[in-house]
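Undergrad: Residue 1626 is where the sequence shown ends in my numbering, and the numbering goes up by one at each step.
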Amino acid sequence: YGQTKKHVSANLLKLVNLEQSKDTYCGALSGGMKRRLSIACAFVGDTKIVLLDEPSSGLDPSNRRNLWDWIRRMKEGKTLLLTTHFMEESDALSDRIIILADGKLKAEGTTMKLKEMFGSGYKFIITKRPNVRRTSDEIKQILKRYLSQITIESETPAELVFRSNEQPNSQFIDALKQLDQMKLDNQILDYGLQNSTMDDVFFKITQENTDSTLNDKVTTVDVETINDQCRQVFKYNKNKSNTNIGFIRYYLSQIMGLLVKTIRVRYRRWVLTLIILLLPIIYQLYFGLDGRKTKQAGLIKMNPNLLQPQTMMISVDDNDSKYLNALKALGGAKTKFDQRSLTIEDMNEEIQKMREKKPYTYTDYYVAVKVPTGSLPSTFKMQALSSNLIGGYEILTLATNTFYRYLINDTQASIETTLVYKKGANFTSDDLTISNILDFFNILSCFIQFIPITLFLDLCVYYLIYLYTTTFLISERKDQFLSLIYISGLHPIVYWLFNYLFDILMCTLWFCYLLIVYVIFNAIFKDDSQDQQLQTLQFEDPFIMRKKFYPLTLLISIPTLPFVYLMTKVFKSDILGGIAIFAGLVIIHILSLIRGITRMISKIEALNLSLYWIMNALFPSINAQVLVTRILSDGSQFCRVARLGTFTLPFEGDGYLWINILLFVIHCLVLFFLLVSIDSGLIKFSFRNCFSSQQFKEFDSKSIDEDVLAERQRILAKDKFNQSNNNTRNSITTESSKDIDHLIVKDLVKYYPRKHVVAVNHLTFGAKRGECFGLLGYNGAGKTTTFRIIVGEESPTLGTSYIDKQNTRKCIKTTDSIGYCPQQNCDMEFLTVQDCLYLLARIRAIPSEHINNVVSQMASLFLLEPFLKNYIQELSGGTKRRLHAALALIGPPKVAILDEPSTGVDPYSRRQMREVFLNAVKSKLTIILTSHSMDECDTLCNRLGIMVNGQLSCIGNIQHLKSKFGKGYTIDIKINAIYNGTGINEILLYFQRHLRLDAVLKESTLLTGVFQVTNTTPAQLFEILEQNKTQFNIETYSISQSTLEQIFLSFGKHIMDT
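#1: Could you name the residues of the same chain whose beta carbon sits closer than 7 Å to that of K696, not counting the 5 residues immediately before and after it, in chain order?
#2: Counting Cβ pairs closer than 8 Å, one from the stretch 731-744 and one from the stretch 617-634, do we hit at least three?
#3: Assign P1605 to one of three DSSP states: helix, strand, or coil.
#4: Report yes or no: do three or more beta-carbon pairs, one from the stretch 1551-1568 and one from the stretch 1513-1520, lie closer than 8 Å?
#5: As a quick exercise: from K691, L1058 and Y835, pick the residue whose alpha carbon is nearest that of R1410.
#6: Return yes when the Cβ of Y759 is within less than 8 Å of the Cβ of F692, no when it is not.
#7: Taking contact to mean 3 or more Cβ pairs, one atom from each stretch, closer than 8 Å, check whether the stretch 1336-1343 and the stretch 1318-1328 are in contact.
#8: Where does K574 fall in DSSP's three states?
#9: Taking only the alpha-carbon atoms, compute the straight-line gap between R1478 and L1508 and give it to the nearest angstrom.
#10: Can you find a C-beta in chain D that's less than 8 Å from the C-beta of H1235?
#11: Who are the near neighbours of F1253 in its chain, counting only those whose CB is closer than 6 Å to its CB and skipping five residues on each side?
#12: Pairing CB atoms from the stretch 1159-1176 with CB atoms from the stretch 1131-1140, are three or more of them under 8 Å?
#13: So what's M1396 in DSSP terms, helix, strand or just coil?
#14: L1050: which of N1067, K772 and Y1346 sits nearest, CA to CA?
#15: Which ranges does the beta strand (DSSP E) cover as unbroken runs of at least 3 residues, wholly within the stretch 1486-1533, from first to last along the chain?
#16: Would you mind working out which of H1418, N579, L1497 and S1499 sits nearest K803, comparing C-alpha positions?
#17: Looking at C-beta atoms only, is the number of pairs between the stretch 1042-1049 and the stretch 1070-1080 that lie closer than 8 Å three or more?
#18: Mind checking M1019: buried by the 16 CB within 10 Å criterion, or exposed?
#19: On the three-state DSSP scale, how would you describe K602?
#20: Is S1542 buried or exposed, if buried means 16 or more other CB atoms sit within 10 Å of its CB?
#21: Give me the Cα-Cα distance between T1471 and N1184, rounded to the nearest whole angstrom.
#22: Can you tell me the Cα-Cα spacing of A578 and E587, whole angstroms?
#23: Give me the DSSP bridge partner(s) of A1335.
#24: When the Cα of V801 is compared with those of C1505, Q1527 and S1424, which residue comes out closest?
#25: Can you round the beta-carbon distance between K683 and S764 to whole angstroms, since I take them to be within the 8 Å contact cut?
#26: Cα-Cα, which of I1190, A1413 and I1539 is closest to R1163?
#27: Can you tell me which of the three DSSP states H1157 falls into?
#28: The beta strand (DSSP E) with T651 in it runs from where to where?
#29: Beta-carbon separation of S704 and T679 under 8 Å?
#30: Assuming contact is defined by CB atoms lying nearer than 8 Å, are L580 and F611 in contact in what I supplied?
#31: In terms of alpha-carbon separation, which member of I1246, L1035, P1469 and I1084 lies closest to A1151?
#32: Got a sec, what are the start and stop residues for the alpha helix (DSSP H) N1090 sits in?
#33: Do G1513 and F1333 have their C-beta atoms within less than 8 Å of each other?
#34: Tell me whether the beta-carbon of M1426 lies closer than 8 Å to the beta-carbon of A1456.
#35: On the three-state DSSP scale, how would you describe S883?
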């Protein structure tokens, strides 16, 4: 875009209504805002083909309608391929629709064509009047006088839906007039009318995929079967016994679930397991081969012919020819002989004189030999001089071979002498080698208490077990899976204690495996004849030392495991996090070596003392290594002898060992306490609350709706009453079970100081037992933040929330009262759908004899049976939402918090889920629901509140809100296309001028309009629309009492105006 890119980006942000959030990080946006941003990115670059996968998923109704209008304008000159489970969206946007089932095309055409082919007539939506005992069958019989084919499609406590396939005629209008009369007689509260929608088309086509016989029930779910299944899965209320047996069974069930999950995940992630198992083999193989080369490099087969050409001065008494021949044959062709009759002292003086006369004679004479007399003495004695340019051991070969050849009188015979070189620990600055340094540090291990340096790589290989274990822990946490099972009833103590014990077992198996690998490779590469020669000055025999060391690694693991568990909380990538933790432990070990060197060099005792104990206190692995080294050095004969000397360091020895043991115990207890405290909410790593409590404005009761204020006063009064009677148990039991608020949100505030935003502003409400409470609001209104605070994932700035009288901010005791369906799906890698259901069933301690049945029924209720063996990451978005809804309700909990559970779910599954939620409410579960589907809220919710800017703008039952904020009737019209200037505005003018109706256009897009009409009835409106359907090219319409969506949109308009 060059110079215009800033203008283009600003324009796109304006079109998707994100101007106010342009400086906000993408990760801080709400789900709906992220969706709008993604759509804007799709249109960058003026591409000709744009793919939109469920573009309005998670958008509130107002932004959804704005998005539709924007997409219609943007599609000019482009080809758009759009997928959606929101049938109204397909109806509003699509020129042509394709419906797929099981990967096959089932129907194709325009919306008009599909409705003509698969439409299911008209729907009558009747709102029941409370306390009026007129059954659905009685209402059906009355309407059947006019419409013989009418059937009941669905029924809720507040609403009754009929369907009729009959075409509009006089009888049809008479049926509507009958409903008008029933409304006047207070037999019903209100009613509405709707003709075929794309939802009906979708139901009929998808049902045809499984049942070739189409009938009037194709658009319904099997309510009776759902009711029966729900009775089975919601009967396990799990009133835990306070006996020890009850608690034992409860926790054993959770531990069994964790055990099965852990084993399956690690088995399925076999590639990582295989790599970890192969690394020790590669390590031993490499160093075994390298060690063999090193041993061979330290061996020299002595042969004078290896020396450079030389002159050898020899003196043989009596000129014994056998000696002379033996020496000359041994020297070879390159050696010259200077034969003289001198003593060894004379020969030494002679060579000295030669060096003084000729500076370079030093290189000509390597060896001088004085051979004994001819008679063989009892002891053979050969005198020789040797240059310091050679090792000096060559004389040994010379003497033994000369004597051997002399004895047997054979100049071809020889004795092979092998010289083994081994560097000692004594060296000078001129003779520093890595080998010398390693040997030196091995000796120092006896005194300064760190692991012998020869075990450095062995320790690094052992640390691979921490890479392995932490990778799985980070994976569970990064996918929010750990948070989900905490919320579902697993206490952090149980989780971390299980992982700790399981990992201790893994560490035990790991050191056994390492020991076996070492023994095998040691047997392959060992050379016994050389080992005896190599054992000079050293810490201990390598084989024996490793047999002692590997079991002692458990002492390192005991305090180090909680330490690495804490480190996992820093990382979001599992593999990279595991590698970083492994590298961190290696670096810590290197620091301990540097500390040892510093202690040897520094003469400042206070510095040494501080450095020693600070590192021991900060790093559990270093302190544990001190104990391991002490045990190893006590088993080393060399160290025991060395300690008898006078070489000692301060703060070493048995007098200080008790401090290391005390630190060992403290590390285990404190680190484990920190883990549990952080995960249970006792400690939060957040600095926001330190300075933000005074930076948000105080609660202003003047601007609050009277219903919201009344709810606030009710909750605050109940809280004061409970506090004044908290010592009297009868005060709790006398309260009617109906009036018990299973969920209480009291004066909740969440302030983000960096953005200067009050996300939740003194929010207060309660939800009773057996109630579905809807928490609605625009994207960014604070709904998800409220949910995250309730379940303990976020800490509030002020205020508290209670579930079953337990403060959710501090989960000190185990609770299985909450079920949570988060807005963002948890992937839960390497777990199948069936694994997740079984795990949550065990976490909620469903009796083992019923788990199979409960899992089977839940899979059936949420249409998960075809996916039971699929991994979670393989599922579609809609299937994941169904799974999370199932996980939230399995058990069942007392309170289920559902954050947009049906987003991305197809219409049939969505309707099935609604039936399940209704049955959950009938079973006295409390459901807190947020959704951008107003139909869903209308069907499910007993009460609801609409949030605006972090506070409730209204609260009450749906009928109360409709009566308070709604007026007259709502007509929702979609036209097929604009012909001859006829559009939504022309229909409004016709209503106002020709029919003299009090009509207002509330919402409109290019092809859709929502009208509010007050001075008429549904029967009159139906007759008007049918008569003018062709004139205005009306494709579909619906007539209803002011809908929940219209109330919601009215609040949105108020927001935009202010």
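Here a beta-carbon is modelled for each residue, glycine too, at the ideal position from N, C-alpha and C.
TA: If we stick to the structure as given:
#1: In the sequence shown, residue 696 corresponds to position 128, counting from 1. Closer than 7 Å at Cβ, skipping near neighbours: A726, E727, L728, I756 and L757.
#2: no
#3: As a position in the sequence shown, residue 1605 is number 1037, starting the count at 1. The sequence shown places Tyr at residue 1605, rather than the Pro named in the question. Strand, per DSSP.
#4: no
#5: One-based indexing of the sequence shown puts residue 1410 at position 842. Closest by alpha carbon: L1058.
#6: If you number the sequence shown from 1, residue 692 lands on position 124. If you number the sequence shown from 1, residue 759 lands on position 191. It is a contact, given that the beta carbons lie within the stated cut-off.
#7: no
#8: Within the sequence shown, numbered from 1, the residue matching residue 574 stands at position 6. Reduced to three states, the DSSP call for K574 is helix.
#9: Start at 1 with the first residue of the sequence shown, and residue 1478 comes out as number 910. Start at 1 with the first residue of the sequence shown, and residue 1508 comes out as number 940. Whole-angstrom Cα-Cα distance: 12 Å.
#10: Of the protein chains in this structure there is only one, and it is not chain D.
#11: Locating residue 1253 in the sequence shown gives position 685, where the first residue counts as 1. Confidence is the limiting factor: at F1253 the pLDDT is only 48, short of 50, which leaves the residue's position unreliable and the question unanswerable from this model.
#12: no
#13: The count along the sequence shown starts at 1 and reaches residue 1396 at position 828. Of the three classes helix, strand and coil, the one that applies to M1396 here is coil, per DSSP.
#14: For this step, residue 1050 is matched to residue 482 along the sequence shown. Out of N1067, K772 and Y1346, N1067 has the C-alpha closest to the C-alpha of L1050.
#15: 1494-1498, 1511-1516 and 1519-1525
#16: Taking the first residue of the sequence shown as position 1, residue 803 is located at position 235. Answer by Cα proximity: H1418.
#17: no
#18: For this step, residue 1019 is matched to residue 451 along the sequence shown. Reading off the sequence shown, one finds Ile at residue 1019, where the question assumed Met. I1019 is buried by the Cβ-count criterion.
#19: As a first step, residue 602 must be located in the sequence shown, where it is residue number 34. In the structure shown, K602 sits in a helix (DSSP, three-state: H, G or I).
#20: Walking along the sequence shown from the start, residue 1542 turns up at place 974. Inspection of the sequence shows that residue 1542 is occupied by Lys rather than by Ser. Burial call: buried.
#21: What you label residue 1471 is simply residue 903 of the sequence shown in a count that begins at 1. What you label residue 1184 is simply residue 616 of the sequence shown in a count that begins at 1. Those two C-alpha atoms are separated by around 52 Å.
#22: Taking the sequence shown and counting its residues from 1, the one referred to as residue 578 is at position 10. Taking the sequence shown and counting its residues from 1, the one referred to as residue 587 is at position 19. Going by the C-alpha atoms only, they are around 7 Å apart.
#23: Residue numbering aside, residue 1335 sits at position 767 when the sequence shown is read from its first letter. Beta-bridge pairing links A1335 to L1311.
#24: Position 233 of the sequence shown holds residue 801. For the residues C1505, Q1527 and S1424, the minimum Cα distance to V801 belongs to S1424.
#25: Here residue 683 is taken as the residue at index 115 of the sequence shown, counted from 1. Here residue 764 is taken as the residue at index 196 of the sequence shown, counted from 1. Contact flag correct, Cβ pair sits at about 5 Å.
#26: Mapped onto the sequence shown, residue 1163 falls at position 595. Comparing Cα positions, the closest option is I1190.
#27: In the sequence shown, the residue the question calls residue 1157 occupies position 589. Of the three classes helix, strand and coil, the one that applies to H1157 here is helix, per DSSP.
#28: What you label residue 651 is simply residue 83 of the sequence shown in a count that begins at 1. Note, T651: beta strand (DSSP E), T647 to T651.
#29: On the sequence shown, residue 704 is found 136 positions in, with the first residue counted as 1. On the sequence shown, residue 679 is found 111 positions in, with the first residue counted as 1. No. Outside cutoff.
#30: Locating residue 580 in the sequence shown gives position 12, counting from the first residue. Locating residue 611 in the sequence shown gives position 43, counting from the first residue. Contact flag set, yes.
#31: Here residue 1151 corresponds to residue number 583 of the sequence shown, with the count starting at 1. The residue with the shortest Cα to Cα distance from A1151 is L1035.
#32: In the sequence shown, counting from the first residue as 1, residue 1090 sits at position 522. Looking at the DSSP string, the run of the alpha helix (DSSP H) that includes N1090 is P1060 to F1093.
#33: Within the sequence shown, residue 1513 is the residue found at index 945, counting from 1. Within the sequence shown, residue 1333 is the residue found at index 765, counting from 1. In contact: G1513 and F1333 (Cβ atoms closer than 8 Å).
#34: Residue numbering aside, residue 1426 sits at position 858 when the sequence shown is read from its first letter. Residue numbering aside, residue 1456 sits at position 888 when the sequence shown is read from its first letter. Taking 8 Å as the Cβ cut-off, M1426 and A1456 do not qualify as a contacting pair.
#35: On the sequence shown, residue 883 is found 315 positions in, with the first residue counted as 1. Strand, per DSSP.
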